[in-house]
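Only one structure is covered here, and it is reproduced in the block below.
Protein chains: 4
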Amino acid sequence: MAELDLGEIREFLRGFAADRDWDQFHTPKNLAMALAGEAGELLEIFQWLTPEESSAIAGDPVRARALADELVDILQYVVRLADVAGVDLDAAFWAKFEENARRYPADEVRGSAEKRSG
Amino acid sequence: MAELDLGEIREFLRGFAADRDWDQFHTPKNLAMALAGEAGELLEIFQWLTPEESSAIAGDPVRARALADELVDILQYVVRLADVAGVDLDAAFWAKFEENARRYPADEVRGSAEKRSG
Amino acid sequence: MAELDLGEIREFLRGFAADRDWDQFHTPKNLAMALAGEAGELLEIFQWLTPEESSAIAGDPVRARALADELVDILQYVVRLADVAGVDLDAAFWAKFEENARRYPADEVRGSAEKRSG
Amino acid sequence: MAELDLGEIREFLRGFAADRDWDQFHTPKNLAMALAGEAGELLEIFQWLTPEESSAIAGDPVRARALADELVDILQYVVRLADVAGVDLDAAFWAKFEENARRYPADEVRGSAEKRSG
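Residue numbers (the numbering used here), protein chains in the order written: chain A, 1 to 118; chain B, 1 to 118; chain C, 1 to 118; chain D, 1 to 118.
See below:
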């Protein structure tokens, strides 16, 4: 069964903002700030954890719930910001996917984090 | 026609990381940092723009393209981080959606940014 | 009278961490995350404000206090991260200051935000 | 010998912005975004490093230089934002320092990252 798709999320968020007359606050600039603010909260979940503790987060219900909440908040701002700014996220995903496949050829970058950057 | 759904994105990213042996770098902690790093790049697009300039970004091809790239990067990290941390993003979306509908009743918060915070 | 200098801040923070046996958590990686997490909280103060409202923040005691708190948190993480990573912040400040003076000659960039980026 | 103090940094940055007519761009909102954008670049330095690699950054001249640059950028935005927003950073530092000493009594929080959060 299909999971939630980007178009469905977009429609829900449009309705949610319209019902509350929030379009006036949802400039791309403000939404970028809100998204990055949520990314900051995401960091706070992990900042003092070891890599191993972070990998075991599913076994910690309080943190796992906080993580799910933050990821949804960020996902919503990604979709909402794309919508108000006129970005076709679906098309952009595929364009980026092809670019990344060219930029990081599996045979050349295997196991290297260095190549990942830049 | 259905747009890209969360499950498809997840599968693509799994294959991409596996082909490159990047799973070793993709701890939740590292992915949270990478996501927030991309959110920082998103801010840089908008930081010196007025709200009006930010709303007109679709008419500026260079910035619009940079925005699309950053949003896709962030979307990918949201989905990848949910996957490696065992978060069901689809279920979390609906849970959060219901919570937000309760928390921000349309009749009470209409037109107020104050109520949006917290 | 001289204001607080970077060396004083560094010494206070060293003592504070040592007294609490927090050095073990204060890796550069963790401190970078903590700093960026505080930067996210800083964004939350301003995200729904107009530029004009943000400029008038001194007249809003609750927000002004929150801003002061976040700025101090960030300042502390800057100084602490420099300390544990072996960065001479004083020397780096002057190096950067000279670089910026060369990179943004007053006569060429006056009044332009474009030149400010990159 | 005294290191750079907050008042000196503030004066340098005032002159730098005035010479370039950048005050118009330096609203608190924009400066908060610029600061958080730099914090995002800071994360990118560390995102794929192990904690141990991050602690050894002084031995990696390229990364150590990038770190110093980012820390100075962030320091400058902290001081500049405090200045344009009317925050007395010196007073706020001492207020926060006393608050933290009360909030995290050395005897109670020793060696615990849990108590550090919140």
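Where is the CB? At the ideal position from N, CA and C, for every residue including glycine.
Could you spell out where the alpha helix (DSSP H) holding residue i opens and where it closes?
i             : result
residue 3/A   : Residue 3/A -> no alpha helix (DSSP H), and no H or E assigned at all.
residue 34/B  : 28 to 46
residue 74/D  : 61 to 85
residue 94/B  : 89 to 103
residue 106/D : 106 to 109
residue 55/C  : 51 to 55
To the nearest angstrom, how far is it from the Cα of residue i to the Cα of residue j?
i             : j             : result
residue 97/C  : residue 16/C  : 30 angstroms
residue 87/B  : residue 58/A  : 8 angstroms
residue 25/D  : residue 95/C  : 24 angstroms
residue 80/B  : residue 108/A : 22 angstroms
residue 18/D  : residue 56/C  : 20 angstroms
residue 113/B : residue 14/C  : 40 angstroms
residue 9/C   : residue 111/D : 22 angstroms
residue 60/C  : residue 99/D  : 21 angstroms
residue 11/C  : residue 103/C : 33 angstroms
residue 49/D  : residue 101/A : 23 angstroms
residue 105/B : residue 7/A   : 24 angstroms
I'd like to know whether the C-beta atoms of residue i and residue j end up nearer to each other than 7 angstroms.
i            : j            : result
residue 66/D : residue 39/C : no
residue 34/C : residue 47/A : yes
residue 28/D : residue 54/C : yes
residue 21/B : residue 5/A  : no
residue 42/C : residue 82/D : no
residue 62/B : residue 75/A : no
residue 90/D : residue 3/C  : yes
Out of the options, state which residue places its alpha-carbon closest to the alpha-carbon of residue i.
i            : options                     : result
residue 44/A : 107/A, 69/A and 105/A       : 69/A
residue 31/D : 103/D, 89/D, 73/D and 100/D : 73/D
residue 64/D : 92/C, 100/C and 60/C        : 92/C
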